[in-house]
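Novice:
Protein chains in written order, with our numbering: chain A, 22 to 500; chain B, 22 to 500.
1) How about residue 182 of chain B and residue 140 of chain B: do their beta carbons lie closer than 8 Å?
2) Excluding sequence positions up to five away, which residues of its chain have a Cβ less than 6 Å from the Cβ of residue 223 of chain B?
3) Look up residue 350 of chain A in the DSSP assignment and say whether it is helix, strand or coil.
4) Use the C-beta contact count for residue 255 of chain A: other C-beta atoms within 10 angstroms, 16 or more gives buried, fewer gives exposed.
5) For residue 434 of chain A, which option in A:215, A:314, A:409 has the closest C-alpha, if you only look at C-alpha atoms?
6) With 16 as the cutoff for other CB atoms within 10 Å, does residue 79 of chain B come out buried or exposed?
7) Relative to the alpha-carbon of residue 332 of chain A, which residue among B:429, B:263, B:382 has its alpha-carbon at the smallest distance?
8) State the start and end residues of the unbroken alpha helix (DSSP H) segment that holds residue 232 of chain B.
9) Could you tell me which chain A residues have their CB closer than 8 Å to the CB of residue 459 of chain B, listed as they occur along the chain?
10) If I measure Cβ to Cβ from residue 289 of chain A and keep anything under 6 Å in the same chain, skipping five residues before and after, which residues do I get?
11) Report yes if the CB atom of residue 395 of chain B is closer than 8 Å to the CB atom of residue 277 of chain A, and no otherwise.
12) Alpha carbon to alpha carbon, how far is residue 41 of chain B from residue 184 of chain A? Give it in angstroms, no decimals.
13) Going by the beta-carbon positions, is the gap between residue 269 of chain A and residue 339 of chain B smaller than 8 Å?
14) For a contact meaning CB atoms closer than 7 Å, what does residue 302 of chain A contact in chain B?
15) Count the other CB atoms, across all protein chains shown, that sit within 10 Å of the CB of residue 281 of chain B; report buried if there are 16 or more and exposed otherwise.
16) Is it buried or exposed, residue 136 of chain B, if we count other Cβ atoms within 10 angstroms and call 16 or more buried?
17) Can you pull the chain A neighbours of residue 341 of chain B, defined as C-beta to C-beta under 9 Å?
18) Could you pull the start and end residues of the alpha helix (DSSP H) that residue 315 of chain B belongs to?
19) Please confirm if the region 303-315 of chain A is in contact with the region 231-238 of chain A, defined as three or more CB-CB distances below 8 Å between the two stretches.
20) Do you know offhand how far residue 87 of chain A's Cα is from residue 98 of chain A's?
21) If you count every other CB in all the chains shown that lies within 10 Å of the CB of residue 482 of chain B, and 16 or more means buried, which is it?
22) Within the 8 Å Cβ cut-off, does residue 417 of chain A reach chain B?
23) Please classify residue 365 of chain B as buried or exposed, where buried requires at least 16 neighbouring CB atoms within 10 angstroms.
24) Please specify which runs of the beta strand (DSSP E), each continuous and at least 3 residues long, are wholly inside the region 382-440 of chain B, giving them in chain order.
25) Going along chain B, which residues have a C-beta under 8 Å from residue 58 of chain A?
26) Identify, in the order they occur along the chain, each residue of the same chain with its Cβ nearer than 7 Å to the Cβ of residue 531 of chain B, setting aside the five sequence neighbours on each side.
27) Could you please give me the residues that DSSP links to residue 67 of chain A through a beta bridge?
28) Does the region 118-129 of chain B come close enough to the region 197-217 of chain B that 3 or more CB-CB pairs lie under 8 Å?
29) Which same chain residues end up closer than 6 Å to residue 472 of chain B when comparing Cβ atoms and leaving out the 5 residues on each side of it in sequence?
30) Using a C-beta to C-beta distance shorter than 8 Å, which residues of chain B count as neighbours of residue 114 of chain A?
31) Does the beta carbon of residue 249 of chain B come closer than 8 Å to any beta carbon on chain A?
32) Determine the DSSP secondary structure at residue 51 of chain B, reduced to helix, strand or coil.
33) Using C-beta distances below 7 Å, list every residue in its chain close to residue 218 of chain A, excluding the 5 sequence neighbours before and after it, in chain order.
34) Going by C-alpha distance, which of A:425, A:420, A:220, A:406 is nearest residue 459 of chain A?
35) Going by Cα to Cα distance, which pick from A:292, A:279, A:110 is closest to residue 251 of chain A?
36) Could you give the first and the last residue of the continuous beta strand (DSSP E) run that contains residue 444 of chain A?
Put into structure tokens, the structure is as follows:
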């Protein structure tokens with residue numbers, strides 16, 4: 022892995038940045054601010070033709086003046102200035118770069134020639150680079166985020182390679198709502214040198230990456246993709262969105278990254294052959310990768326459903342069948358055990374519906390254990406994770422009329438059940454997927470998500486993530 | 022409408038509540054707290070066999086002692102106590118009720134008999150009621166929320182009739198993330214007397230209701246459903262989720278609301294015949310109803326796409342084609358106009374991709390106007406609504422190194438564009454649907470949503486809402 026050309030790009034001890042200045046309206050300036058604000062631990066060398074200092078750092082007028090060959094150079098420049106700067110960097114001994122600048126292949130013939138020119142320069146100096154026309158990379162554990170998006174991002178286990186920079190950066194706002202975290206994430210742009218296949222190969226070898234998410238507009242090297250992806254999916258799940266298979270998607274992709282897309286059915290076959298799970302939206306892409314990166318694989322498609330409300334029970338059950346998961350009627354023996362813990366209005370046969378809030382240890386600890394012990398059950402779907410939000414809502418309306426115990430006291434009781442709950446997947450070697458209409462403002466939802474048990478915002482989303490787990494389990498076992 | 026049996030249930034001048042006490046662990050107590058906490062303007066009469074006061078209100082030992090026949094009675098009692106209390110209420114002249122208590126038809130033969138018994142009592146006294154086994158109703162504009170869920174809910178224009186109480190109450194936590202608001206919402210439970218069809222009829226006649234969302238486990242009166250729904254959908258869009266069409270969904274529904282569900286294809290035909298749009302998840306149900314309640318209908322399926330980032334442009338374009346929307350190449354004349362406003366790296370043909378943040382008046386005002394003026398375009402999809410969140414993120418990392426203008430100054434500039442933007446649908450009589458990875462923490466997203474322009478959390482969701490608008494436009498025009 023350390024020998025891979027992307028390793029040095031993701032773990033540089035020094036970064037030269039070309040395009041940053043003291044002008045906050047420039048993209049390069051925001052990138053430098055973000056690199057510094059994110060507490061990047063290495064050395065940073067701004068390169069600027071006129072300025073003596075940039076954002077308080079000593080600036081170098083050209084790359085040739087750098088005090089050392091930086092491990093990585095980042096170029097955010099007008100298109101026409103890229104070739105000369107790349108040459109200067111090569112002369113100074115820099116061997117890794119990210120070219121953020123756009124205006125190349127994606128804009129037509131002239132841009133295509135310019136792109137060939139910078140590939141030629143890179144070859145001459147042995148420079149390996151990402152881009153052009155990309156947004157950069159993010160390696161949270163290394164405090165490396167030289168993109169122009171200073172959004173919260175905690176280390177996680179989903180590796181990303183994307184032909185859209187937005188899906189590496191701006192999507193962090195969406196991912197933060199569930200704390201889906203990157204191991205490492207690449208925006209590959211036009212992929213003139215290092216491309217999607219290189220990123221897959223690298224993420225495949227990265228021990229922090231437990232699942233790989235791909236956003237694809239077109240694959241330049243389909244044979245290589247199949248060769249590398251087939252190998253990686255033997256060990257790690259991969260999910261891909263492909264948007265180039267429709268007329269409008271292909272047209273958009275061509276003008277975005279200059280990608281030559283292909284017919285949808287060809288990509289479908291290519292994914293199938295490579296063991297890659299296909300998703301059709303970016304939400305699904307990340308949400309499925311989250312489950313795949315976090316949970317043990319089910320041995321089969323027999324699911325148990327557990328809730329305290331009937332609507333979500335029915336939605337989960339219906340969605341299971343729609344996505345080819347079974348919801349078997351529990352054995353008489355199992356139902357008898359469950360019945361002892363349920364109110365008279367509850368239903369025991371699967372879905373199990375408690376019908377209203379009772380002892381949280383029943384919902385989160387006792388029932389799941391009884392159910393997951395049954396060898397006929399391969400996984401558990403549960404709706405209704407909830408802690409502080411309901412209590413606080415009640416406290417708000419009740420406070421003038423009733424004495425309310427402090428929340429911390431209540432929390433103590435049900436959090437021991439929560440702690441048992443999040444250990445279930447490891448304890449039984451079976452996946453548990455949750456859903457709740459609350460988000461991380463609720464402490465129970467936040468706790469579950471932080472303990473790597475995916476909790477989705479709606480029941481049907483939980484089912485689709487579970488279906489992805491089943492699909493990958495079958496890919497792994499060669500079914 | 023005022024003659025409809027549901028009118029008095031939703032607009033009562035006085036409510037008798039049976040099952041509330043001074044014990045906060047009782048469901049009825051929380052319901053009463055919620056009614057009072059929500060500033061319900063009418064009189065409230067707690068009925069309790071022992072207590073003299075309940076939550077500070079004078080309590081009545083039986084319904085027969087009520088000082089007046091309350092407009093509405095709410096019963097949250099052990100199952101076996103319901104018949105006698107209902108009889109007492111009838112004796113006192115009460116003619117509308119909501120029976121929250123479960124343990125009836127949904128639990129088997131004995132419960133079914135009990136349900137028949139309360140129907141008989143109601144008939145004898147002329148009582149019309151919702152339930153049993155329901156969670157109640159919400160009428161935000163009337164400050165009526167006697168459910169046990171004190172969640173934020175502002176008045177809106179989506180009417181709801183649901184066989185799940187969770188999808189009327191707990192789902193408010195999800196709906197609050199986009200401020201989807203109810204006109205009036207019904208949990209119908211077992212529908213022993215007033216049922217889904219009655220609710221549709223009532224919502225059809227309610228002027229505040231612009232679209233109707235249905236969650237269905239089984240329809241008891243299919244002929245009446247078709248008759249009423251066919252009439253209502255001539256004027257108002259309806260969206261339905263049906264979960265009883267799979268083996269597991271049917272089993273879950275039977276134990277939830279005692280519903281007799283039917284084969285999926287029969288319900289599909291029933292919806293088609295009635296002009297009802299079918300959704301397959303509760304998120305879609307509410308999100309589509311939101312668009313249908315808020316926007317003018319498109320005249321055709323030709324969509325324009327506008328963004329400042331290429332990934333979402335391609336996702337929008339691809340999703341359009343997948344959901345049978347066209348993304349036509351703009352005319353040369355239109356492209357020439359657009360080109361004048363775009364940077365060299367931008368693409369003009371549709372999708373229009375600005376490639377990076379420029380003048381917000383271009384993205385939100387000038388380009389949309391030029392595009393929507395074109396008679397060949399029926400609607401606009403736009404990704405990238407963003408205000409305070411990006412600015413504040415930048416300010417956070419920049420503050421120690423650069424002087425940052427106060428946000429209010431920046432906001433002033435782009436909010437005039439925002440104001441023009443939200444007026445587009447009315448100005449051009451064409452739908453505009455937005456998406457953003459930010460939520461309401463961002464002031465631009467909150468503003469757009471508050472001005473009834475739906476802004477979804479991901480591009481593909483915006484497309485599906487637009488597709489629902491097209492579907493309803495075709496239903497209305499008889500295509």
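The beta carbon of each residue, even a glycine, is placed where N, CA and C say it ideally should be. In this text the structure is predicted, and so the values were computed from the model without any measurement.
Specialist: From the atom records:
1) Against a cut-off of 8 Å, the Cβ pair of residue 140 of chain B and residue 182 of chain B comes out as no contact.
2) 25, 27
3) coil
4) Answer is exposed; the Cβ neighbour count stays below 16.
5) A:409
6) exposed
7) B:263
8) Segment 232-237 is the beta strand (DSSP E) holding residue 232 of chain B; no alpha helix (DSSP H) there.
9) 194
10) none
11) no
12) 58 Å
13) Yes, Cβ-Cβ distance for residue 269 of chain A and residue 339 of chain B is below 8 Å.
14) 479, 481
15) Sixteen is the threshold: since fewer than 16 other Cβ atoms of the shown chains lie within 10 Å of the Cβ of residue 281 of chain B, the residue is exposed.
16) It is buried - the Cβ of residue 136 of chain B has at least 16 other Cβ atoms within 10 Å.
17) 267, 269, 270
18) 303-315
19) By the C-beta criterion, the region 303-315 of chain A is judged to be in contact with the region 231-238 of chain A, since at least 3 inter-stretch pairs fall below 8 Å.
20) Their backbone Cα atoms lie some 18 Å apart in a straight line.
21) buried
22) yes
23) exposed
24) You should have 400-404.
25) Chain B residues near residue 58 of chain A: 417, 418, 419.
26) This structure gives no information on residue 531 of chain B, because the portion of chain B shown stretches from 22 to 500.
27) A:38
28) yes
29) 443
30) What residue 114 of chain A touches in chain B: nothing, since even the nearest Cβ is about 29 Å away.
31) no
32) helix
33) 242, 245, 246, 249
34) A:406
35) Comparing C-alpha distances from residue 251 of chain A to each of A:292, A:279, A:110 shows the shortest one belongs to A:292.
36) Where residue 444 of chain A is concerned, there is no enclosing beta strand (DSSP E), because DSSP gives it neither an H nor an E.
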